[in-house]
Structures are given as structure tokens and as C-alpha cells.
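Have a look at the structure below, then the notes.
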Amino acid sequence: MGNTLGLAPMGALPRRSPRREEPLPNPGSFDELHRLCKDVFPAQMEGVKLVVNKVLSSHFQVAHTVHMSALGLPGYHLHAAYAGDWQLSPTEMFPTVVGDMDSSGSLNAQVLLLLAERLRAKAVFQTQQAKFLTWQFDGEYRGDDYTATLTLGNPDLIGESVIMVAHFLQSLTHRLVLGGELVYHRRPGEEGAILTLAGKYSAVHWVATLNVGSGGAHASYYHKANEQVQVGVEFEANTRLQDTTFSFGYHLTLPQANMVFRGLVDSNWCVGAVLEKKMPPLPVTLALGAFLNHWRNRFHCGFSITVG
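Residue 72 in UniProt numbering sits at position 72 of the sequence shown, with consecutive numbering throughout.
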């Protein structure tokens with residue numbers, strides 16, 4: 001009778017191509033797990049500060065900073081940065097050399113190198129006048145969906161002392177990242193290790209992060225209400241110091257007024273706020289901050305001018 005139902009033969013049916021799943025993203029660095037929440041909180045300000053930025057070329061720029069404070073002597077800082085031609089992202093350029101020297105001769109320097117497409121290296125040096133305080137070497141490998149980092153701090157072969165930190169992050173889904181941190185320290189008569197587990201969940205408008213280990217816990221929650229309002233909640237508990245802190249911060253952007261307002265309230269009875277105002281067409285940014293600790297009855301404020 002033929003194909004009375006009008007159905008095509010099985011071999012003639014078009015085959016559906018298998019659904020391609022998007023690859024998991026790289027989770028980034030372990031040190032940046034709480035970055036979104038921390039950027040909401042205002043930075044401490046005290047005294048009067050003048051910052052002058054100067055771009056000398058597409059690779060080199062310098063900054064001069066003069067800081068006058070009632071809590072210490074006036075200080076001057078010279079900041080210089082060099083960025084190479086190898087650019088992996090808008091915020092990553094290799095090689096990068098950053099240095100900061102104050103009027104007493106103390107130096108903080110960082111060198112970032114791209115050894116291979118996935119392998120990064122960093123060296124950090126800190127001096128107090130003519131004496132070395134800190135030297136640190138980092139190696140980071142970024143896979144398709146994981147990041148592994150190894151850090152050596154103040155290695156001393158003669159004194160048999162070293163601080164070693166290992167980080168690992170793995171993207172399980174497009175939203176969930178799990179990993180851990182292992183800190184090992186050794187010096188004459190003392191040796192120990194601390195293990196910390198970490199997790200991060202990223203939704204469309206919020207990010208929740210948690211670090212838990214024998215040394216304590218660190219939890220943060222970041223929420224972006226809209227393009228103008230962002231809030232952050234942070235909880236830190238230190239078992240060694242027997243101290244617990246809870247903080248709430250908010251970030252308000254007023255694009256029409258070229259203003260940014262940040263504020264915080266924490267469990268130590270401390271409140272603070274910083275107001276930043278850009279002055280177009282001039283390359284000038286003004287900032288005014290005030291912080292009050294009710295528990296210790298301390299108040300300090302600051303004012304800064306940034307040119308460039």
C-alpha cells in the first residue's frame with residue numbers, strides 16, 4: 001500500500017547534530033576570589049595626599065605622591081611602571097616591572113613574566129632602606145578550567161627556613177569553583193602546615209565565596225543591584241587571634257555627577273565613607289574620606305588630589 005501515513009523512511013530522517021557544550025572557563029587566581037567584594041569597601045584615608053601621574057610612553061609611566069599626615073612624618077613616593085608588548089587581556093601585559101620607592105630609600109618592586117602561553121612567573125622584593133625584608137617567587141599555570149600556583153616566600157637555604165604556599169582552583173561548572181590552599185612554613189625549631197578549602201559560586205548578579213581552614217574562615221557576598229548600586233558583606237574569623245569581624249560595604253556610582261561614593265559599617269563599631277569626584281575636562285580627581293571608630297573613640301579624615 002506504500003507509505004500510507006506519509007512518513008519518510010527512517011534512513012531519510014535528518015540526524016540532529018550532538019549539542020556542543022561550552023568549555024568551562026578558567027577560575028582565575030586564588031588571591032582574586034574575594035576581589036569583587038573587597039572593591040566595594042572604601043580604602044582608609046588619613047591626612048592630605050597629592051598624586052601626580054605622568055604617562056611617558058605607551059610602555060612607561062611614573063607617579064609622584066606626597067603624603068602629609070598627623071600620625072607620622074611627611075613622606076614622598078616615586079612609583080614607576082613598565083609594561084611590555086605582549087598583551088593577553090586588557091589588564092595583563094607582559095613583561096611588567098613595577099617599583100615604588102619612598103623618601104627613606106625603602107623599595108617595593110614586582111616583576112611579572114610570561115614564560116609560556118599558560119605559565120606566569122612573578123618576583124616580589126621589599127626592602128627597608130638597605131635591608132631586605134621580603135623576597136617572594138611565584139609560578140602560576142592556567143589550564144583551560146583550572147589554575148595551579150606555587151609560591152616561595154623568604155627562602156633561606158643557609159638558615160633552613162622557607163614559607164611555601166600552594167593554590168589550586170578547579171571550575172566544576174560555569175558557576176561553581178572549588179579549590180584549596182596549603183601553607184607550609186619551616187624554620188629552626190618550628191615547622192607546620194595549614195590547609196584551607198575554598199569555594200566560589202557566581203550567579204548573574206551576585207557572587208558568594210567561602211574559605212574555611214584550621215586558621216579560621218573568610219566568607220564574602222557581593223551583589224550588584226544595578227549599574228549604580230553595589231553592596232558587599234564580609235565575615236572573617238581568626239582562630240589564632242580569637243577575633244571575628246563582620247563588615248558591610250556599599251558602592252554608589254553617580255555617572256551624571258562624575259561621583260563615586262563608598263561606605264562601610266563593621267562589627268567593631270567603625271563607620272567610614274569615601275567620596276570621589278572627577279573634574280572633567282581637567283584630568284583631576286578629588287577624594288574626601290572620614291572614618292570613626294566608636295569603640296576606641298578614634299576619628300580620622302583624609303583628602304587627596306589625583307592629577308592625570
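Glycine is no exception: its CB is placed at the ideal position from the N, C-alpha and C atoms.
Beta carbon of residue i nearer than 8 Å to that of residue j
| i | j | result |
| --- | --- | --- |
| G216 | L197 | no |
| V40 | Y250 | yes |
| S29 | E140 | yes |
| M68 | A287 | no |
| F168 | G179 | yes |
| S103 | Q129 | no |
| L49 | G302 | A small fix is needed here, since residue 49 is Lys in this sequence, not Leu. Contact: yes. |
| A123 | F132 | no |
| F125 | A148 | no |
| L114 | F94 | yes |
Where residue i sits in the DSSP three-state scheme
| i | result |
| --- | --- |
| E190 | strand |
| L288 | strand |
| E140 | strand |
| R262 | strand |
| A257 | helix |
| L36 | helix |
| F30 | helix |
| D102 | strand |
| S247 | strand |
| E181 | strand |
| I163 | strand |
| N226 | coil |
Same chain, Cβ closer than 8 Å to residue i, neighbours up to 5 away in sequence not counted
| i | result |
| --- | --- |
| D144 | P23, L24 and N26 |
| N268 | T245, N293 and W295 |
| D266 | T245, F246, S247 and F248 |
| S171 | L24, P25, N26, P27, D145, Y146 and V177 |
Sheet register partners of residue i (DSSP bridge)
| i | result |
| --- | --- |
| T91 | Beta-bridge pairing links T91 to no other residue. |
| R298 | N293 |
| A70 | The partner list for A70 (beta bridge, DSSP) is empty, contrary to what the question assumes. |
| H79 | A63 and D100 |
| V52 | H64 and V307 |
| Q126 | N108 and T134 |
Residues near residue i by beta carbon distance below 6 Å, same chain, minus five either side
| i | result |
| --- | --- |
| N53 | A63 and G308 |
| L195 | L182 and G213 |
| Q228 | T253 |
| T65 | V51 and H77 |
| G289 | M45, V274 and G302 |
Beta-carbon contacts of residue i that lie in its chain and below 7 Å, excluding the five residues immediately before and after
| i | result |
| --- | --- |
| F60 | Y82 |
| A237 | G216, A217 and T244 |
| P14 | The predicted position of P14 is uncertain, since its pLDDT is 48 and thus under 50; a value taken from the coordinates is nonetheless stated next. No residues qualify anywhere along the chain. |
query: Looking at C-beta atoms only, is the number of pairs between the region 74-83 and the region 256-274 that lie closer than 8 Å three or more?
result: The region 74-83 makes no contact with the region 256-274: fewer than 3 CB pairs, one atom from each, lie closer than 8 Å.
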